[in-house]
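Data first, discussion second: the structure below is written as structure tokens.
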Amino acid sequence: MKVGDTRKITITTEPAGADDSAAVIAAVTWKSSDDSKATVAADGTITAVAEGTATVTATSGEFTTDIAVTVTASE
Numbered sequence: 001m002k003v004g005d006t007r008k009i010t011i012t013t014e015p016a017g018a019d020d021s022a023a024v025i026a027a028v029t030w031k032s033s034d035d036s037k038a039t040v041a042a043d044g045t046i047t048a049v050a051e052g053t054a055t056v057t058a059t060s061g062e063f064t065t066d067i068a069v070t071v072t073a074s075e
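According to this note's numbering, the sequence shown is numbered sequentially starting from 1.
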């Protein structure tokens, strides 16, 4: 991502048709390891703030996934 870019991340479950799929997705919370590099909104939208790296973590109950974010200079 470049400074100023935004990108929305979507969470899915496997299998997609699991009985608790909607509840798992609805309960997702988001966190950035470094808000000075990349922020993440409650809807999963990542905003590139400054050059560097951050890890965005999505958590729902016992399920967690990490997304590596690298921010480069805008052109």
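Don't be surprised by glycine CBs; every beta carbon is placed ideally from N, CA and C.
DSSP places ILE25 inside the alpha helix (DSSP H), whose first and last residues are 21 to 26. SER32 counts as buried, since at least 16 other C-beta atoms from the protein chains shown sit within 10 angstroms of its C-beta. Closest option to GLY4, judged by alpha-carbon separation, among ILE46, THR10 and ALA42: ILE46. With fewer than three CB-CB distances shorter than 8 angstroms, the stretch 15 to 24 does not count as touching the stretch 36 to 54.
Around the CB of ALA18, fewer than 16 other CB atoms lie within 10 Å, so the residue is classed as exposed.
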